[in-house]
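In my numbering, the protein residues as written are 1 to 258.
See below for the structure under consideration.
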Amino acid sequence: MAYIEDPLSITLVNTPFTSVAAPEEDVYVEVSQEATYRPDPVHRRMAMILVFVLGLAALFVTYRPTVQGQDTSAPVAVAEAAEAAPAAAPLPTSGISPVFTAEVQHWGPQITAWAAEYGVDANMAATIMQIESCGDPLAVSGAGAQGLFQVMPFHFAAGEDMLDPDTNARRGLSYFVERLQQTSGDVGRAFAGYNGGQYAASTTWDNWAAETQRYYVWSTGIYGELSSGGSETLQRWLNAGGASLCRQAAQRLGLSTP
Numbered sequence: 001m002a003y004i005e006d007p008l009s010i011t012l013v014n015t016p017f018t019s020v021a022a023p024e025e026d027v028y029v030e031v032s033q034e035a036t037y038r039p040d041p042v043h044r045r046m047a048m049i050l051v052f053v054l055g056l057a058a059l060f061v062t063y064r065p066t067v068q069g070q071d072t073s074a075p076v077a078v079a080e081a082a083e084a085a086p087a088a089a090p091l092p093t094s095g096i097s098p099v100f101t102a103e104v105q106h107w108g109p110q111i112t113a114w115a116a117e118y119g120v121d122a123n124m125a126a127t128i129m130q131i132e133s134c135g136d137p138l139a140v141s142g143a144g145a146q147g148l149f150q151v152m153p154f155h156f157a158a159g160e161d162m163l164d165p166d167t168n169a170r171r172g173l174s175y176f177v178e179r180l181q182q183t184s185g186d187v188g189r190a191f192a193g194y195n196g197g198q199y200a201a202s203t204t205w206d207n208w209a210a211e212t213q214r215y216y217v218w219s220t221g222i223y224g225e226l227s228s229g230g231s232e233t234l235q236r237w238l239n240a241g242g243a244s245l246c247r248q249a250a251q252r253l254g255l256s257t258p
């Protein structure tokens, strides 16, 4: 190697000695201050490698890998989009079981539509109607419950027609869905809560009134036996007094009575 000396510094330059053994004495060459540094081939290769690496880094930053068409570089954005998407509407139910009495079957298409609106099994809604009114839209209990689903007046908004089938069904099923949510989907306790209120839904048999206990037996028995194509529990309910309720419903609906 050799050096260029100027009044201010000593600068490395290339000379023929670069590739051979250095001389015994340092060699100095006088140059003007306009002299510039000329890198050797090793330095040039290192510079080219550095540029190449920086280029790869830039490509890596701008590249967005995907898996099956989904951007894996932005999982948070995907999660936020999923949360912002509206919930899928529940699939409509296919209808109600033929086990229910003729008076309840009269409301079959409406029960299916109401149940689909609230995302519940149509047979759950039909079970409630069977026990509450046997399909009588004008039924009124001694406690003041009214209509197909025997809904108490305080569940209605001011000016609503409590005996209107659509209004009555929506208020009744809305309350039942609340009990399903309260019980994390426990259908039996939701049925009990429909009769005995939030307290009944949050407790068990020993804490229920006798009426709620009977309601639990009728509702879970009827609903649980539908898949067999018949219901002994429904027959027992008819024998226990339900038949008279159904005769009244049949008369008001204009159906023939047995």
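For glycine and all other residues, C-beta sits at the position ideal for the given N, C-alpha and C.
Leaving out five residues on either side along the sequence, give the residues of the same chain with a beta carbon under 6 Å from the beta carbon of residue i.
| i | result |
| --- | --- |
| Leu245 | Cys134 |
| Ser256 | none |
| Ala126 | Ile96, Phe100, Val104 and Ile111 |
In whole angstroms, what separates the C-alpha of residue i from that of residue j?
| i | j | result |
| --- | --- | --- |
| Asp166 | Trp205 | 32 Å |
| Leu173 | Trp114 | 8 Å |
| Ile96 | Arg247 | 21 Å |
| His106 | Ala139 | 16 Å |
| Ser9 | Ile49 | Note that Ser9 scores a pLDDT of 39, beneath 50, so its modelled location is shaky and nothing firm can be said. |
| Glu117 | Ala169 | 11 Å |
With DSSP collapsed to three states, give me the class of residue i.
| i | result |
| --- | --- |
| Gln150 | coil |
| Val120 | coil |
| Val140 | strand |
| Gly242 | helix |
| Ser259 | Residue 259 falls outside the range modelled here, since the chain spans only 1 to 258, and no answer is possible. |
| Phe191 | helix |
| Val104 | helix |
| Pro98 | coil |
| Ser133 | coil |
| Thr204 | coil |
| Ser219 | helix |
| Ala113 | helix |
So, for residue i: in the same chain, excluding its five sequence neighbours on each side, which residues have a beta-carbon less than 7 Å away from its beta-carbon?
| i | result |
| --- | --- |
| Ala290 | The chain is shown only over 1 to 258; residue 290 falls outside these bounds and no answer can be derived. |
| Gly108 | Gly95 and Ile96 |
| Trp218 | Ile131, Thr233 and Trp237 |
| Glu211 | Asn195 |
Between the beta-carbon of residue i and the beta-carbon of residue j, is there less than 8 Å?
| i | j | result |
| --- | --- | --- |
| Phe176 | Ile111 | no |
| Met124 | Tyr199 | no |
| Gly144 | Pro153 | yes |
| Val151 | Arg171 | yes |
Report all residues from its chain with a CB closer than 8 Å to the CB of residue i; omit the five preceding and five following residues, and keep chain order.
| i | result |
| --- | --- |
| Tyr215 | Ile131, Phe191, Ala192, Tyr194, Asn195 and Gly196 |
| Asp161 | Thr167 |
| Trp208 | Ala192, Gly196, Ala200 and Tyr216 |
What residue does the alpha helix (DSSP H) around residue i start on, and which one ends it?
| i | result |
| --- | --- |
| Ala158 | First-last for Ala158: undefined, no H or E at that position. |
| Ser184 | Counting along the chain, Ser184 falls outside any alpha helix (DSSP H), and DSSP gives it neither H nor E. |
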